Amino acid sequence: MTATAENLELLKIALKAADLAQQNILKYFQSDVGVEWKADKTPVTIADKKTEEICREFWAKETPGFGVIGEEFGIESPDDEYQWVIDPIDGTKSFIHGVPLFGTLIALYRRGTPIASLIRIPAMNTAVWAVKDGGAFLDGKSVRCSKVEKLSDALVLSGTVNTMETEGYGEQFAAVRRAARLHRGWGDCYGYYLVAAGRAELMIDPVVSLWDIAPYPLIFSEAGGKFSTINGCTALFDESGKPTAPIYEGYTGFASNGLVHSEVAGYFKN
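Its first residue numbered 161, the sequence shown is counted upward by one per residue in the working numbering.
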């Protein structure tokens with residue numbers, strides 16, 4: 161299949177928003193930026209807030225009538241046909257420690273169907289993106305997930321193991337790590353970026369919000385991989401365009417090259 165001209169234009173708008181986000185974020189990276197701590201004990205900075213503001217202002221001009229769901233400023237026009245979803249800095253803890261493994265996540269949905277998605281890693285000036293029926297790309301070149309078929313040959317990625325344990329997945333994930341060829345804690349969006357780019361086989365998150373994972377169903381579908389929740393759900397929105405779970409920490413994330421998905425999922429079945 162081929163992406164429609166309309167969807168390709170919407171992808172261009174997503175990519176331009178990511179350019180604007182990168183330009184703003186890099187003004188603050190590895191500087192003495194002030195950090196606030198939210199009630200949920202996660203950090204936020206002026207870079208997070210200003211980046212989301214810039215993208216919202218850009219979309220208001222380029223795509224009037226589209227809704228927005230964002231980490232920092234919530235939901236705007238949730239009943240609109242099209243919905244932008246943004247996490248301005250996914251991996252703020254990396255950002256505030258001067259570690260380059262953070263990124264901007266942008267996705268566009270039409271009545272629950274993903275149209276365009278991207279992961280931009282500003283400090284590395286690289287991105288993975290996808291458009292519906294048009295493929296996935298790494299910095300403009302077509303990209304596919306890896307062809308590793310067994311967990312025993314796979315590189316498994318995650319964020320902190322502590323969260324796996326506190327969310328009740330400690331024993332299962334320990335078994336996955338032992339069975340894998342290699343495990344590394346290259347988490348947040350960078351982990352998903354590596355799996356989509358064919359450099360790792362699995363990335364897993366035990367608790368995430370909608371904006372943390374919104375780009376992934378489309379990116380992994382177009383790259384030949386698979387994205388689901390840990391319990392196997394593949395849709396983040398229903399057919400009417402409403403989120404299938406609470407948007408704040410109502411989801412889990414499980415992305416793979418597709419070939420090891422079922423094997424790893426077996427470790428998490430009750």
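We put the beta carbon where it would ideally sit given N, CA and C, even for glycine.
No experiment lies behind these values; they were computed from the predicted model shown.
**Q.** For M363, the three-state DSSP class (helix, strand or coil)
**A.** Position 203 of the sequence shown holds residue 363. M363 falls in the strand class under three-state DSSP.
Q. With I279 and C349 assumed to form a contact (beta carbons below 8 Å), what rounded beta-carbon distance in angstroms separates them?
A. In the sequence shown, residue 279 corresponds to position 119, counting from 1. In the sequence shown, residue 349 corresponds to position 189, counting from 1. The C-beta distance from I279 to C349 rounds to 5 Å, short enough to meet the 8 Å contact threshold.
Q: Go ahead and pull the three-state DSSP assignment for E236.
A: The residue given as residue 236 occupies position 76 in the sequence shown. E236 falls in the strand class under three-state DSSP.
Q.
Just to confirm before moving on: does the CB-CB distance between T223 and I173 stay below 8 Å?
A. On the sequence shown, position 63 is the one that residue 223 refers to. On the sequence shown, position 13 is the one that residue 173 refers to. Yes; because the gap between Cβ atoms is below 8 Å, this pair is in contact.
Q: Please classify Y408: is it buried, with 16 or more other beta-carbons within 10 angstroms of its beta-carbon, or exposed?
A: The residue you call residue 408 lines up with position 248 of the sequence shown. Classification for Y408: exposed.
Q.
By the DSSP assignment, the alpha helix (DSSP H) with T323 in it spans what residues?
A. Counting from 1 along the sequence shown, the entry for residue 323 is found at position 163. T323 -> alpha helix (DSSP H) spans 321–326.
Q. Taking the alpha carbon of R271 as the point to measure from, which residue in E423, K201, S400 has its own alpha carbon closest?
A. Numbered from 1 along the sequence shown, position 111 holds the residue referred to as residue 271. Among E423, K201, S400, the Cα nearest to that of R271 is on S400.
Q | Cβ neighbours of V367 in the same chain (closer than 6 Å, five flanking residues each side left out) | A | Taking the first residue of the sequence shown as position 1, residue 367 is located at position 207. The residues are E327, E409.
Q. How about the segment 222–239 and the segment 191–201: do they share at least three Cβ pairs that are nearer than 8 Å?
A. At 8 Å Cβ cutoff, the stretches do not touch.
Q: Compare the beta carbon distance of G294 and L168 with 8 Å and say whether it is the shorter of the two.
A: Position 134 of the sequence shown, counting from 1, holds the residue named residue 294. Position 8 of the sequence shown, counting from 1, holds the residue named residue 168. Yes. Within cutoff.
Q: Determine the contact status of R344 and L317, defining contact as a CB-CB distance below 8 Å.
A: As a working note, residue 344 is residue 184 in the sequence shown. As a working note, residue 317 is residue 157 in the sequence shown. Taking a C-beta distance under 8 Å as the contact criterion, R344 and L317 qualify as a contact pair.
Q) T264 and T202: beta carbons closer than 8 Å? A) Against the sequence shown, residue 264 aligns to sequence position 104. Against the sequence shown, residue 202 aligns to sequence position 42. Cβ distance not < 8 Å, so T264 and T202 don't count as in contact.
Q: Grab the span of the alpha helix (DSSP H) containing T252 for me, first residue to last.
A: Here residue 252 refers to the residue found at position 92 when the sequence shown is read from its first residue. Looking at the DSSP string, the run of the alpha helix (DSSP H) that includes T252 is 252–256.
Q) By Cβ distance below 6 Å, which residues in the same chain neighbour I364 in space, the five residues on each side in sequence not counted? A) Working through the sequence shown from its first residue, we reach residue 364 at position 204. Once the five neighbours on either side are set aside, the close Cβ partners of I364 are S318, F414.
Q: Could you have a look at L317 and say whether DSSP puts it in helix, strand or coil?
A: One-based indexing of the sequence shown puts residue 317 at position 157. Looking at L317 - three-state DSSP - the assignment turns out to be strand.
Q. Rounded C-beta distance between R341 and D313? I'm assuming under 8 Å.
A. Residue numbering aside, residue 341 sits at position 181 when the sequence shown is read from its first letter. Residue numbering aside, residue 313 sits at position 153 when the sequence shown is read from its first letter. Confirmed, Cβ separation roughly 5 Å.
(Q) Distance check for K176 and F107, CA to CA, integer angstroms please. (A) Nothing about residue 107 can be read from this structure; the chain reaches only from 161 to 430.
**Q.** Between the CA atoms of S277 and Q182 - distance to the nearest angstrom
**A.** One-based indexing of the sequence shown puts residue 182 at position 22. One-based indexing of the sequence shown puts residue 277 at position 117. Looking at the two C-alpha atoms, the distance is approximately 16 Å.
(Q) Under DSSP, the beta strand (DSSP E) around L268 begins and ends at which residues? (A) Here the question's residue 268 lines up with position 108 in the sequence shown. Its beta strand (DSSP E) spans residues 263–270.
(Q) Closest to A165 by C-alpha separation, out of V291, S416, G300, G351, would be which residue? (A) Taking the first residue of the sequence shown as position 1, residue 165 is located at position 5. If we check each option's Cα against that of A165, V291 comes out closest.
Q.
Taking a contact to mean a Cβ-Cβ separation below 8 Å, would you say L362 touches S416 in this structure?
A. For the purposes of this step, residue 362 is taken as the residue at position 202 of the sequence shown. For the purposes of this step, residue 416 is taken as the residue at position 256 of the sequence shown. Closer than 8 Å, so yes.
Q.
D250 and F233 - do their beta-carbons sit closer together than 8 Å?
A. Counted from its first residue, the sequence shown places residue 233 at position 73. Counted from its first residue, the sequence shown places residue 250 at position 90. Not a contact, by the Cβ cut-off of 8 Å.
Q.
Beta-carbon within less than 6 Å of E231's beta-carbon, same chain only, minus the 5 sequence neighbours each way: which residues are those?
A. Within the sequence shown, the letter at position 71 stands for residue 231. Excluding positions up to five away in sequence, the list reads D247, W371.
Q: Indicate whether L311 and E423 have their beta-carbon atoms separated by less than 8 Å.
A: Residue mapping note: residue 311 aligns to position 151 of the sequence shown, counting from 1. Residue mapping note: residue 423 aligns to position 263 of the sequence shown, counting from 1. Result yes, Cβ atoms of L311 and E423 sit closer than 8 Å.
Q: Please go through the segment 341–388 and give each complete beta strand (DSSP E) segment of 3 or more residues, from N-terminal end onward.
A: 342–344, 362–368, 386–388
Q.
Does E331 pass the burial test, meaning 16 or more other C-beta atoms within 10 Å, or should it be called exposed?
A. To locate residue 331, count along the sequence shown from 1; it is residue 171. The residue is exposed, with fewer than 16 neighbouring Cβ atoms inside 10 Å.
Q. Apart from the five residues on each side of it in sequence, which residues of its chain come closer than 8 Å, Cβ to Cβ, to A395?
A. Against the sequence shown, residue 395 aligns to sequence position 235. Excluding positions up to five away in sequence, the list reads G272, P377, T404.
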